[in-house]
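Reading through the structure tokens given below for one structure.
There are 2 protein chains.
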Amino acid sequence: MRVLVVDDERRLARSLELGLEAEGMAVDVAHDGTDGLWMARENTYDAIVLDLMLPGINGYRVCATLREEGNWTPVLMLTAKDGEWDQVEGLDTGADDYLTKPFSFPVLVARLRAVARRGARERPTVLEAGDLRLDPAARRTWRGDDEITLTSREFSMLAFLMRHKGDVVSKRQVLEAVWDDDFEGDPNIVEVYVRHLRNKLDRPYDRAAIQTIRGAGYRLSSDGG
Amino acid sequence: MRVLVVDDERRLARSLELGLEAEGMAVDVAHDGTDGLWMARENTYDAIVLDLMLPGINGYRVCATLREEGNWTPVLMLTAKDGEWDQVEGLDTGADDYLTKPFSFPVLVARLRAVARRGARERPTVLEAGDLRLDPAARRTWRGDDEITLTSREFSMLAFLMRHKGDVVSKRQVLEAVWDDDFEGDPNIVEVYVRHLRNKLDRPYDRAAIQTIRGAGYRLSSDGG
DNA sequence: ACGTCCGTTCAGCGCAGGTTCAGGACCCGT
DNA sequence: ACGGGTCCTGAACCTGCGCTGAACGGACGT
Numbered sequence: 014m015r016v017l018v019v020d021d022e023r024r025l026a027r028s029l030e031l032g033l034e035a036e037g038m039a040v041d042v043a044h045d046g047t048d049g050l051w052m053a054r055e056n057t058y059d060a061i062v063l064d065l066m067l068p069g070i071n072g073y074r075v076c077a078t079l080r081e082e083g084n085w086t087p088v089l090m091l092t093a094k095d096g097e098w099d100q101v102e103g104l105d106t107g108a109d110d111y112l113t114k115p116f117s118f119p120v121l122v123a124r125l126r127a128v129a130r131r132g133a134r135e136r137p138t139v140l141e142a143g144d145l146r147l148d149p150a151a152r153r154t155w156r157g158d159d160e161i162t163l164t165s166r167e168f169s170m171l172a173f174l175m176r177h178k179g180d181v182v183s184k185r186q187v188l189e190a191v192w193d194d195d196f197e198g199d200p201n202i203v204e205v206y207v208r209h210l211r212n213k214l215d216r217p218y219d220r221a222a223i224q225t226i227r228g229a230g231y232r233l234s235s236d237g238g
Numbered sequence: 014m015r016v017l018v019v020d021d022e023r024r025l026a027r028s029l030e031l032g033l034e035a036e037g038m039a040v041d042v043a044h045d046g047t048d049g050l051w052m053a054r055e056n057t058y059d060a061i062v063l064d065l066m067l068p069g070i071n072g073y074r075v076c077a078t079l080r081e082e083g084n085w086t087p088v089l090m091l092t093a094k095d096g097e098w099d100q101v102e103g104l105d106t107g108a109d110d111y112l113t114k115p116f117s118f119p120v121l122v123a124r125l126r127a128v129a130r131r132g133a134r135e136r137p138t139v140l141e142a143g144d145l146r147l148d149p150a151a152r153r154t155w156r157g158d159d160e161i162t163l164t165s166r167e168f169s170m171l172a173f174l175m176r177h178k179g180d181v182v183s184k185r186q187v188l189e190a191v192w193d194d195d196f197e198g199d200p201n202i203v204e205v206y207v208r209h210l211r212n213k214l215d216r217p218y219d220r221a222a223i224q225t226i227r228g229a230g231y232r233l234s235s236d237g238g
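Here it is in structure tokens:
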């Protein structure tokens, strides 16, 4: 059984590596999101242990990216938080299970085996908000029965908004999720893309899915406007 | 175990850093609220030691901001005062524990470990006071079934009042929490915003959620008026 | 080489919403 | 009754946010 461990806490990663090898698994380790993503792409694993908070690209995006690329290797997400939201979030991204830090090692092994046994997910998740639908794996979007063609940036921005539907997300959050954690350009780019999305999703249908909350950010209405 | 220490007293911060590292922890240090907030956002810690009184942004707002952004890293608040208000205030903000200066180092370590072990807090539900409801994540407010649209300032002021429902809060406290702890403008701004809130929340419903306690401050009635 | 598509930057504009201010109402002590 | 202080009120002012259209430049295909 081949396992990839992605965690930036070296000591934890190291002890996981040793522990899992003691369980008879073949373990690869990556210490940040970029490496993790790269290794997951290049190799075939039976499961991936993925920390949510990572330097470079966070676990959330690593998982989402893999899924969007059609890679359905089982993912066990590690998270330092235990809020209900994070659970939903993790699963919505395409993680198959999650574990809250701190966790006991035997539990991790059990969950990991279960997730790997269950095999890769059969069905990709489709995000919905009213009559707005978005399929991350197929990279397709619909408003009702009409398919909407979006560019790459537009798509990942809408995906992010839909994962947070109903909640206000700040411009900063959007930048970190859709662009990069250390994006240093003009934040106005977010406004520009909101505009693009509105032109494609709202204007032709006389709807208002994306609301702007002045001084706070944007909110995708959970009923699609 | 990764810990972030935010304290502007360099000597104390330094000795905490050394002491905690001697306990086997990985310690990062920030000397003001702005840096602290930034580091808490950028990294993942098992716990944060946060001084209440800070230059830049005070500890109260650092914690509140993190929570509003969905960051539930355990926070141990340090305060130089030992007044009842500060305890309530600290915990209401989303701090998990507090410690009054001066404190003994072993006690700090013990509390810190306890707070980290207990893990991050659960995400709070919406704030309620009678038929007044406020959802920090969605940035929405209702009186009964009617949704009330508030501006950014109005919203954060009402959020503050609701976190302290039933308690009298002074104008000074409001200024420090909603504006800045070094706000130097006309304190009358608080009265102006109380007025705005009353116009939106009370007047149309013939209610009186926000009471003024002459010479002391304001109180949000815990039953919404 | 050229055209097209996308991502990004930029400057101008309109206005929501924040802040200030002055006058009036009210409360309280003397 | 009077005066001082606190709070309320309405309006005016003005900053900065978000919106918009256009232009630039790189990647890519033809």
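So the sequence lines, in the order shown, correspond to chains A and B. Start counting the first sequence at 14; every next residue gets the next number (my numbering). Start counting the second sequence at 14; every next residue gets the next number (my numbering). Cβ coordinates follow ideal geometry from the N, Cα and C atoms, glycine included. Nothing here was measured: the structure is a model prediction, and the numbers come from that model.
Check whether residue i and residue j have beta carbons under 8 Å apart
| i | j | result |
| --- | --- | --- |
| residue 129 of chain A | residue 14 of chain A | yes |
| residue 179 of chain B | residue 237 of chain B | no |
| residue 166 of chain A | residue 206 of chain A | yes |
| residue 91 of chain A | residue 65 of chain A | yes |
| residue 232 of chain A | residue 172 of chain B | no |
| residue 71 of chain B | residue 197 of chain B | no |
| residue 230 of chain B | residue 191 of chain B | no |
| residue 215 of chain B | residue 202 of chain B | no |
| residue 58 of chain B | residue 122 of chain B | no |
| residue 35 of chain A | residue 84 of chain A | no |
| residue 218 of chain A | residue 156 of chain A | yes |
| residue 213 of chain A | residue 200 of chain A | no |
| residue 175 of chain B | residue 210 of chain B | no |
Sequence-distant residues of the same chain with beta carbon closer than 8 Å to residue i, five excluded per side
| i | result |
| --- | --- |
| residue 96 of chain A | Any reading at residue 96 of chain A must be qualified, since the residue scores a pLDDT of 45, below 50, and its modelled position is unreliable; no value is offered. |
| residue 139 of chain B | 146, 147, 148, 149 |
| residue 125 of chain B | 16, 33, 60, 62, 89 |
| residue 120 of chain B | 112 |
| residue 67 of chain A | 19, 20, 21, 45, 46, 49, 75 |
| residue 234 of chain B | 142, 143, 178, 179, 221, 222, 223, 224 |
| residue 116 of chain B | 91 |
| residue 160 of chain B | 153, 154 |
Contacts around residue i, its chain only, beta-carbon distance under 6 Å, and the 5 residues preceding and following it disregarded
| i | result |
| --- | --- |
| residue 88 of chain A | 61, 63, 76, 108, 109 |
| residue 163 of chain B | 154 |
| residue 118 of chain B | 32 |
| residue 221 of chain B | 215, 238 |
| residue 38 of chain B | 14, 16 |
Test: residue i CB closer than 8 Å to a CB of chain B
| i | result |
| --- | --- |
| residue 227 of chain A | yes |
| residue 181 of chain A | yes |
| residue 27 of chain A | no |
| residue 232 of chain A | yes |
| residue 175 of chain A | no |
| residue 66 of chain A | yes |
| residue 101 of chain A | With a pLDDT of 43 at residue 101 of chain A, under the threshold of 50, the predicted position of this residue should be treated as unreliable, and no value is reported. |
| residue 223 of chain A | no |
Within-8 Å CB hit, residue i to chain A
| i | result |
| --- | --- |
| residue 74 of chain B | no |
| residue 150 of chain B | yes |
| residue 78 of chain B | no |
| residue 47 of chain B | no |
| residue 57 of chain B | yes |
| residue 165 of chain B | yes |
Close beta carbons around residue i, own chain, < 7 Å, minus the five adjacent residues each side
| i | result |
| --- | --- |
| residue 78 of chain A | 50 |
| residue 194 of chain B | 71 |
| residue 42 of chain B | 18, 26, 30 |
| residue 40 of chain B | 16, 18, 30, 33, 34 |
| residue 69 of chain B | 45, 46, 47 |
| residue 228 of chain B | none |
The stretch 17-34 of chain B / the stretch 45-64 of chain B touching (three or more Cβ pairs under 8 Å):
yes
What ranges does the beta strand (DSSP E) occupy inside the stretch 40-92 of chain B, keeping only unbroken runs of at least 3 residues that lie completely in it?
60-64, 88-92
Could you give the uninterrupted runs of the alpha helix (DSSP H) lying entirely in the stretch 154-185 of chain A, keeping only those of 4 residues or more?
165-176
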